[in-house]
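Asker: Just so we're aligned, residue 2 is where the sequence shown starts under my numbering, counting upward by one. Glycine included, C-beta positions come from ideal geometry on N, C-alpha and C. Note that the structure is a prediction, hence the values are computed from the model and not measured. Take this structure, written in structure tokens, and hold onto it; I'll ask about it next.
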Amino acid sequence: VAVRMLAPAVDRVYLNFEETGRSLKCPEKLLRVGCKLGFHLTTMPYSGVAYDSYLLDDITDPRLPEYKVYIFPNAFTLTEEQRAAIKKRVRMPGKTAVWIYAPGYYRNGTGSVANIEELAAMKVKENYPVKEGEISRVFVAENNGVTETNGWRSVLLAMPPDIATLRQAMIDARAHIWTDTPEVVAAGRGYLMVHAAADGEKVVRLPRRCDVDELYGNTTPLSSVRSFNDVFKKGETKIYRLSECPAERSE
Numbered sequence: 002v003a004v005r006m007l008a009p010a011v012d013r014v015y016l017n018f019e020e021t022g023r024s025l026k027c028p029e030k031l032l033r034v035g036c037k038l039g040f041h042l043t044t045m046p047y048s049g050v051a052y053d054s055y056l057l058d059d060i061t062d063p064r065l066p067e068y069k070v071y072i073f074p075n076a077f078t079l080t081e082e083q084r085a086a087i088k089k090r091v092r093m094p095g096k097t098a099v100w101i102y103a104p105g106y107y108r109n110g111t112g113s114v115a116n117i118e119e120l121a122a123m124k125v126k127e128n129y130p131v132k133e134g135e136i137s138r139v140f141v142a143e144n145n146g147v148t149e150t151n152g153w154r155s156v157l158l159a160m161p162p163d164i165a166t167l168r169q170a171m172i173d174a175r176a177h178i179w180t181d182t183p184e185v186v187a188a189g190r191g192y193l194m195v196h197a198a199a200d201g202e203k204v205v206r207l208p209r210r211c212d213v214d215e216l217y218g219n220t221t222p223l224s225s226v227r228s229f230n231d232v233f234k235k236g237e238t239k240i241y242r243l244s245e246c247p248a249e250r251s252e
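Given below as structure tokens:
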């Protein structure tokens, strides 16, 4: 029985970063590494949540599943159709949209802070505090970058976040965090994979009470638990079968 719950959708966007970098007066390498490669390779995998990656064009596809949390790492340029689809998806009670840097800055070929404000539903100021050779402008939002309107939350992170900041954003959005420490996890269809970032005992938390059985190890099966501990070596991967308890299925 699948125990996948509250998985945020990650919007993997492939833009022309060189052009975007010139227009935003930001080095192409910094945007590519920070908002695309760095986020997807070194930050999001350690967020502790199970997630799915999509192309930006998928946001307009009616077959796209519903998620509780949507993350847009580098959606700087959006069509009108994409803007409308994003708002339709995220502006619902209980949902959270997490934006990074300059969401929707370009609209119909024109860049403007007003375009960010319209999409993220918050007031944003444009500052130029950074020295030459780095990002030359920073977009600073009101209320520490968090607003809530009609039950949905909008979170604007001024720069690509570190792991701790991203994990806290997921906790605030009430996404399910599988591990107490930043490990690589994947979950769905009744299975959980944990890949250890460091040696030590890990605490794994389940979204509901389950029976747990490690597939390829000697761990004793567990019955009707909401969390469990397991010892890992750095780089070790373990896969668990998760079976809902009869009492949980009957609720």
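Select from Y68, V114 and F233 the residue whose C-alpha is nearest the C-alpha of D200.
Answerer: Within the sequence shown, numbered from 1, the residue matching residue 200 stands at position 199. Here the closest residue by C-alpha is F233.
Asker: Determine, using beta carbons only, whether K239 and E202 come nearer to each other than 8 Å.
Answerer: If you number the sequence shown from 1, residue 239 lands on position 238. If you number the sequence shown from 1, residue 202 lands on position 201. Against a cut-off of 8 Å, the Cβ pair of E202 and K239 comes out as no contact.
Asker: Does the region 186-200 touch the region 218-227, meaning 3 or more C-beta pairs lie closer than 8 Å?
Answerer: Not touching, per the Cβ criterion.
Asker: Measuring only the C-alpha atoms, how far is L65 from Y55?
Answerer: For the purposes of this step, residue 65 is identified with residue 64 of the sequence shown, where counting begins at 1. For the purposes of this step, residue 55 is identified with residue 54 of the sequence shown, where counting begins at 1. Cα to Cα, L65 sits roughly 9 Å from Y55.
Asker: Here's the rule: buried if 16 or more other CB atoms are within 10 angstroms of the residue's CB, otherwise exposed. What is K235?
Answerer: Here residue 235 corresponds to residue number 234 of the sequence shown, with the count starting at 1. Per the 10 Å Cβ criterion, exposed.
Asker: By a C-beta neighbour count over all protein chains shown, 10 Å radius and 16 as the cutoff for buried, is L42 buried or exposed?
Answerer: The residue given as residue 42 occupies position 41 in the sequence shown. Classification of L42: exposed, given that the 10 Å Cβ count is below 16.
Asker: If you draw a straight line from the C-alpha of M160 to the C-alpha of M45, how long is it?
Answerer: Within the sequence shown, numbered from 1, the residue matching residue 160 stands at position 159. Within the sequence shown, numbered from 1, the residue matching residue 45 stands at position 44. Distance between the alpha carbons of M160 and M45: 14 Å.
Asker: Under 8 Å by Cβ, that's how I've got Y71 and A98 pegged, so tell me the actual separation to the nearest angstrom.
Answerer: As a first step, residue 71 is located in the sequence shown; it is residue number 70 there, counting from the start. As a first step, residue 98 is located in the sequence shown; it is residue number 97 there, counting from the start. Going by Cβ atoms, the distance from Y71 to A98 rounds to 5 Å, so yes, they are a contact pair.
Asker: Taking DSSP as the reference, what is the three-state secondary structure of Y47?
Answerer: Translated into the one-based positions of the sequence shown, residue 47 becomes position 46. Looking at Y47 - three-state DSSP - the assignment turns out to be helix.
Asker: Taking all protein chains shown into account, decide if T150 is buried (16 or more other Cβ within 10 angstroms of its Cβ) or exposed.
Answerer: Position 149 of the sequence shown, counting from 1, holds the residue named residue 150. With fewer than 16 Cβ atoms within 10 Å of its Cβ, T150 is classed as exposed.
Asker: Identify the residues that DSSP records as bridge partners of I101: which are they?
Answerer: Translated into positions along the sequence shown, residue 101 becomes position 100. Per DSSP, L158.
Asker: Which value, in whole angstroms, describes the spacing of the CA atoms of Y52 and V91?
Answerer: Stepping through the sequence shown from its first residue, residue 52 is reached at position 51. Stepping through the sequence shown from its first residue, residue 91 is reached at position 90. Distance between the alpha carbons of Y52 and V91 is about 16 Å.
Asker: Go ahead and pull the three-state DSSP assignment for T166.
Answerer: For the purposes of this step, residue 166 is taken as the residue at position 165 of the sequence shown. If DSSP states are grouped into helix, strand and coil, T166 belongs with the helices.
Asker: If the criterion is Cβ atoms closer than 8 Å, does the pair A142 and M171 meet it?
Answerer: Along the sequence shown, one-based indexing puts residue 142 at 141. Along the sequence shown, one-based indexing puts residue 171 at 170. Going by C-beta atoms, A142 is not nearer than 8 Å to M171.
Asker: What are the start and end residues of the beta strand (DSSP E) that includes N253?
Answerer: Any question about residue 253 goes unanswered here, given that the chain covers just 2 to 252.
Asker: In angstroms, rounded to a whole number, what distance separates the CA positions of L79 and S155?
Answerer: The count along the sequence shown starts at 1 and reaches residue 79 at position 78. The count along the sequence shown starts at 1 and reaches residue 155 at position 154. Those two C-alpha atoms are separated by around 17 Å.
Asker: Quick check on T180: buried or exposed, where buried means 16 or more other Cβ atoms within 10 Å of its Cβ?
Answerer: Here residue 180 corresponds to residue number 179 of the sequence shown, with the count starting at 1. By the 10 Å Cβ count, T180 comes out buried.
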